[in-house]
Every structure is written in structure tokens, then in C-alpha cells.
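Enquirer: Structure in C-alpha cells, see below.
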Amino acid sequence: DVDADFMRSGEDQYIAVHDGFKVLKMPYAACVSARTTTTPRYSMYVFLPDERDGLWSLEDRMAAGGEGFLREHTPERRVEVGEFRIPRFKLSFDDSVVGALQRLGVRDVFKPFVADLADVLEAENSGDDPPLFVSDVKHKAVIEVNEEGTEAAAATAVCLTFASAAPSSRRPARVDFVADHPFAFLVLEESSGAVLFAGHVVDPTDE
């Protein structure tokens with residue numbers, strides 16, 4: 001067992017109950033850039049298996065369902081909650097993306113004596129210097145969830161805050177959502193359907 005700090009709420013939530021798991025949708029109000037003509041809409045989805053050890057089989061179902069899995073299981077209305085608890089957590093990931101770039105066809109920049117990167121050197125330093133090439137490309141992503149909302153950063157920064165919505169006039173029965181065992185999550189840009197972050201939380205105290 002893990003001793004984690006939990007966030008609690010008595011407000012109505014977007015929750016869908018399915019066979020073997022529940023899905024929580026948390027819409028965000030995004031920081032709007034003056035350079036964009038449309039406002040991105042972001043949401044975090046939490047996939048919580050009913051069984052305490054059900055994360056891996058749930059992730060297998062998600063992978064087998066492909067892009068349609070999320071569309072088919074998205075919560076459509078806010079429901080009244082009974083017990084609602086989600087752990088605060090912060091996750092980070094970093095790795096080399098050279099292999100991914102090479103599979104996309106970006107290869108020459110990683111080869112000594114083949115890469116042509118003379119334009120990035122100052123003229124006075126380009127004489128007898130060894131040839132320049134890219135030795136590695138690192139990517140790091142960080143996501144943190146707490147009462148203030150969510151901060152997510154990768155190549156670009158996204159500033160997100162939990163948004164409110166008008167309650168539905170039709171009220172299903174109360175639903176509990178207690179994420180006190182491993183769960184999966186996605187951060188999605190709603191208009192495009194692009195998944196910006198995906199992961200799972202096994203131990204929320206371990207970054």
C-alpha cells in the first residue's frame with residue numbers, strides 16, 4: 001500500500017461507468033495565446049479499473065480499441081458524486097528521440113562528416129574546426145496534478161485550470177470515483193482529438 005495525499009470534491013463530475021472500469025473527464029480552461037485564432041480545449045481523462053490490479057488488462061483493452069476506444073467511452077454528462085478522491089501526482093519522462101527521428105527519415109544530421117550544419121557556426125569558428133553533427137536529441141515531458149489544476153510541459157508549455165460547467169437537469173444516480181489503486185490517464189485536445197500526454201499512475205508518491 002502507498003500513503004498518498006488525495007484531492008476530494010463534492011462537485012458534480014463528468015463520469016461514465018462501463019463494464020470493468022470508470023472514466024472521469026476533467027475539462028480545462030486553457031491559457032489563450034494572442035497568436036492563435038482558435039481556443040484549444042483540453043481535457044484530462046482518468047481510466048480507473050474496478051479491480052485493484054486491473055490496470056494492465058484495462059490498458060490492453062484501450063490499446064486493442066485504438067482511437068475509437070476513447071470516443072466510445074467518453075463521459076457525456078456531469079453526475080452527482082458520492083465519494084470522490086484522486087491522488088495528487090507529478091510524473092516526468094525524458095529520453096532520446098534520435099531513433100524516432102531516424103525512422104521519420106531524419107538521418108544525415110546525426111552522421112559525422114555528412115551533416116551540413118555550417119550555418120549554425122559563426123564564420124570565424126568554422127575554419128579548421130571538426131565538422132558539426134547532432135549527437136543526440138532529448139525530449140522531456142512533465143505533468144503535475146493538484147488542487148490548482150494541471151501543469152503540463154514538453155516542447156511547448158500548456159497552462160491549464162479546471163473549468164466549470166452548468167449542471168445537467170437530468171441527474172443519474174450518485175457515482176463514486178476513488179482512485180486509490182493504479183489508473184491510466186490521457187490529456188487530450190478536444191477539437192483535434194490529439195493525445196498530448198498519456199501514462200499511468202501506479203505510485204503517486206514516486207515521480
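Residue 15 in the numbering used here is what sits at position 15 of the sequence shown, and the numbering runs on without skipping anything.
Backbone N, C-alpha and C define an ideal beta-carbon position, used for all residues, glycine too.
Everything numeric in this text was worked out from a predicted model, so none of it was measured.
1) Taking only three categories from DSSP, how would you classify Asp116?
2) Using three-state DSSP, classify Glu189 as helix, strand or coil.
3) Is DSSP giving Ala179 helix, strand or coil here?
4) Go through the segment 69-120 residue by residue and report every complete run of the alpha helix (DSSP H) that reaches 4 residues or more, in order.
5) What does a CB cutoff of less than 8 Å around Ala194 pick up in its chain, not counting 5 residues either side in sequence?
6) Count the other CB atoms within 10 Å of the CB of Phe6; is the residue buried (16 or more) or exposed (fewer)?
7) Bridge partners of Phe6, per DSSP?
8) Can you find the residues in the same chain that come closer than 7 Å, C-beta to C-beta, to His73, ignoring five residues on each side of it along the sequence?
9) I'd like to confirm the pairing. Which residues does DSSP put opposite Gly199 in its beta bridges?
10) Would you tell me roughly how many angstroms separate the C-alpha atoms of Phe183 and Val79, rounded to the nearest one?
11) With a CB to CB cut of under 8 Å and the five nearest residues on each side skipped, what residues in its chain are close to Gly10?
12) Taking C-beta to C-beta, are Pro87 and Pro204 nearer than 8 Å?
13) Taking only the alpha-carbon atoms, compute the straight-line gap between Phe110 and Leu132 and give it to the nearest angstrom.
Expert: In short:
1) Numbered from its first residue, the sequence shown carries residue 116 at position 116. In the three-state scheme derived from DSSP, where H, G and I count as helix and E and B as strand, Asp116 is classed as coil.
2) Here residue 189 refers to the residue found at position 189 of the sequence shown. In this structure, Glu189 counts as strand in the three-state DSSP scheme.
3) Residue mapping note: residue 179 aligns to position 179 of the sequence shown, counting from 1. In the structure shown, Ala179 adopts coil according to DSSP, grouped into three states.
4) Listed in chain order, they are 98-103.
5) As a working note, residue 194 is residue 194 in the sequence shown. If we look at Ala194 and ignore the five residues flanking it on each side, its Cβ neighbours are Leu188.
6) As a working mapping, residue 6 is identified with position 6 in the sequence shown. Exposed, since its Cβ has fewer than 16 Cβ neighbours within 10 Å.
7) Residue 6 sits at position 6 when you count from the first residue of the sequence shown. The partner list for Phe6 (beta bridge, DSSP) reads Pro87.
8) Along the sequence shown, read from residue 1 onward, the residue named residue 73 stands at position 73. Within the same chain, His73 has close Cβ partners Ala16, His18 and Val23.
9) Sequence index remark: in the sequence shown, residue 199 carries index 199 (1-based). Phe185, per the DSSP bridge assignment.
10) Numbered from its first residue, the sequence shown carries residue 183 at position 183. Numbered from its first residue, the sequence shown carries residue 79 at position 79. Computed Cα separation, rounded: 20 Å.
11) Residue mapping note: residue 10 aligns to position 10 of the sequence shown, counting from 1. Excluding five sequence positions before and after Gly10, the CB atoms of its chain that fall closer than 8 Å to its own CB belong to Val81 and Phe84, given in chain order.
12) Counting from one through the sequence shown, the residue named residue 87 turns up at place 87. Counting from one through the sequence shown, the residue named residue 204 turns up at place 204. Cβ atoms of Pro87 and Pro204: closer than 8 Å.
13) Looking up residue 110 in the sequence shown gives position 110. Looking up residue 132 in the sequence shown gives position 132. In this structure, the straight-line span from the alpha carbon of Phe110 to that of Leu132 is close to 9 Å.
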